[in-house]
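Student: All letters in the sequence shown, in the order written, are residues 2 to 118 by our numbering.
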Amino acid sequence: QVQLVESGGGSVEAGGSLTLSCAASGTTEPCINWGWYRRIPGKDHEFVAMLMNDGNTQYATFVNGRFTISRDNVKNTVSLHMTLLKPEDTGMYFCNAYCSPPLRQYWGRGIQVTVSS
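1. Ignoring anything shorter than 3 residues, give me the beta strand (DSSP E) runs that lie fully in the stretch 30-98, in order along the chain.
2. Do you know how far the Cα of THR29 is from the Cα of SER118?
3. CA-CA distance, PHE68 and ASN57?
4. Indicate the three-state DSSP secondary structure (helix, strand or coil) for GLN2 in the structure shown.
5. If I follow the unbroken beta strand (DSSP E) through GLY11, where does it start and stop?
6. Look at the alpha carbon of GLY111 and the alpha carbon of GLY16, and state the distance between them as a whole number of angstroms.
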């Protein structure tokens with residue numbers, strides 16, 4: 002059974018950095034089209050970053066060059082390196098990807114990021 006598991010969250014002071022990782026297990030080949038989303042208190046689920054299978058990346062406007070998404074196809078993981086964190090970045094971060102079998106979009110359970118001022 003395919004599972005995505007996030008790690009690397011925690012608490013950091015404003016201006017600090019964190020690197021989130023998402024590992025896929027139970028897959029028969031590397032996942033594709035990885036993405037990170039977050040749920041901020043009082044807001045809906047929002048897009049953070051995406052890494053397409055062709056290597057193209059997309060970031061939400063609020064990222065403003067602070068975050069970098071990358072992948073390791075050998076380990077079937079994706080990372081989100083976050084710098085210059087702000088208190089408003091506090092929330093639950095989720096990864097997703099298209100994995101198989103069967104080929105469909107899967108979500109991790111999320112991991113908490115807390116940025117204190």
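Using N, Cα and C, we set each Cβ at its ideal position, and we do this for glycine too.
Tutor: On the basis of the data shown:
1. Listed in chain order, the complete beta strand (DSSP E) runs (minimum 3 residues) inside the stretch 30-98 are 33-40, 46-52, 58-60, 68-73, 78-83.
2. So the two alpha carbons sit approximately 43 Å from each other.
3. Linking PHE68 to ASN57 through their CA atoms gives a straight-line distance of about 15 Å.
4. Three-state DSSP puts GLN2 in coil, outside helix and strand.
5. For GLY11, the enclosing beta strand (DSSP E) starts and ends at 11-14.
6. Approximately 22 Å between the Cα atoms of the pair.
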